[in-house]
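So the structure is just underneath, and the comments pick up after that.
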Amino acid sequence: MAPEQADPTSRLPNLGWWALLAGLSIVLSVLFEWADLPAGLLIGPMIAGIVVGVLGARLSLPPLVSRGAQAIIGCLIAASLEPALFTALIGDWPILLGATLATLFASGALGGLIARFGILPGTTAIWGSAPGAASAMVLMADAFGADVRLVAFMQYVRVIMVSVAAALIARLFVDTSGIEPPPVAWFPALEWGAFSTTLLVAVVGSAGAWLVRLPAMIFLGPLALGIVVHAGFGLPLQLPHWLLAPSYVLVGWSIGLRFDRKVLAHAGRSLPEVMLAVLLLIGFCGGVAWVLAHVLGIDPLTAYLATSPGGMDSVAVIAAASGKVDMAFVMAMQMMRFLIVLLAGPPVARWFALRVRE
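Numbering (the working numbering), first residue to last: 743 to 1100.
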């Protein structure tokens, strides 16, 4: 029997692999940002990590670097939760809660079906189907034992599909052809008070969560403390793009580098089922939006964007472009869903996983 031929790429030194990873990440990130794809700075490096991982690279990030990136993402989400959103939650909480729970039930049911039919493992299917901030769901899933590679695959397929669907549906109500996100200021003037508060939240939140053994501590600690500091006490947080961009890249690498050929083949085989599940979830959320619009008298575009299952940043851009969209209502509902998933996600994932195994 002839000896197996060695993969020539396996002879690359680590420095060569890192150079290939960095170069491919830059190319893909620039391409995705130019195409206005959501989370391009995370998805591009993640795909680059998948490519070099499948080619045979055995790279890993230093734990301190990876944890620092997760802490910054936690601060970013906390900074996006403005106090005004909580006012909207208080005023409309029965409507928001009912629609949110309906969406979460639908996503959980779809995840359960994906697991029941053996397409993906139980907890992986549940976390991958959870609507919310995709990067947060991926980090949470990693901390609770799901296969983070397949969760990321499901989450970012959903983010892209939902964002495209929201943009297309918005065209029925408002001309979005001229919508452009605000220009990115890579090196803004530092507000030293806000910037120092951000760094302090990242460090203290991570340390405090570690002391109390909070699951997903590096992410949830800064997130929880940031919500208290920013939304509770009204202190500003500043996350300049030169700090956010490397954090996105590092999180993307930490996910992508875990892929190998076997995992990639599994993900590819499940793509049709994942896309069908996303389409069903979009349709269900559209039905919830129809109920809100026709029974409660809410503007149709406001109702749809509020119930849209993901792509929060893209939803915010589309909502801001129309004068008739109730931005506070849209973002309040998105935030309520995200917070409920953060609180209920772990026990629900465990429950579904046990049910699927029975």
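Just so you know, even glycine gets a beta-carbon here, dropped at the ideal spot from N, CA and C.
Given the structure is predicted, the values throughout are model-derived calculations rather than measurements.
Contact check, residue i vs residue j under 8 Å by CB: the rounded distance?
i, j, result
"residue 788", "residue 998", "4 Å"
"residue 1031", "residue 1049", "5 Å"
"residue 1084", "residue 849", "With a Cβ gap of about 14 Å, residue 1084 and residue 849 do not count as contacting."
"residue 815", "residue 993", "6 Å"
"residue 936", "residue 978", "4 Å"
"residue 793", "residue 766", "6 Å"
"residue 944", "residue 930", "Between residue 930 and residue 944 the Cβ distance is about 18 Å, and since that is not below 8 Å, they are no contact."
In chain order, what residues of the same chain have a beta carbon less than 7 Å from the beta carbon of residue i, not counting five sequence neighbours either side?
i, result
"residue 946", "967"
"residue 774", "782, 785, 786"
"residue 996", "803, 808"
"residue 844", "1030"
"residue 989", "811, 814, 815"
"residue 746", "Note on residue 746: pLDDT 39, under 50, position unreliable in the model; the coordinate value appears next. Contacts found: none."
"residue 852", "871, 1019, 1022, 1023"
What first and last residue would you give for the alpha helix (DSSP H) that runs through residue i?
i, result
"residue 856", "835 to 858"
"residue 1050", "It is not in any alpha helix (DSSP H) - residue 1050 carries neither H nor E in the DSSP assignment."
"residue 1023", "1003 to 1037"
"residue 983", "983 to 998"
"residue 929", "Run containing residue 929: none; DSSP gives neither H nor E here."
"residue 868", "864 to 871"
Taking 8 Å as the limit between beta carbons, can you name the residues of its chain near residue i, skipping five residues before and five after?
i, result
"residue 1086", "846"
"residue 932", "980, 982"
Below 6 Å CB to CB, which residues in the same chain sit around residue i once its five sequence neighbours on both sides are set aside?
i, result
"residue 891", "1000, 1001, 1005"
"residue 895", "1009"
"residue 1042", "1035"
"residue 763", "790, 794"
"residue 1040", "1034"
"residue 883", "869, 890, 893"
Just checking: is the beta-carbon of residue i within a distance shorter than 9 Å of some beta-carbon in chain B?
i, result
"residue 758", "Included in the structure is just one protein chain, with no chain B present."
### Message
To test your reading of the DSSP string, which unbroken beta strand (DSSP E) runs of 3 or more residues are found completely within the stretch 761 to 812?
### Response
none
### Message
Within 8 Å, do at least three Cβ pairs link the stretch 757 to 769 to the stretch 793 to 813?
### Response
yes
### Message
Quick test of the definition: if touching needs 3 or more C-beta pairs under 8 Å, does the stretch 1009 to 1021 touch the stretch 804 to 811?
### Response
no
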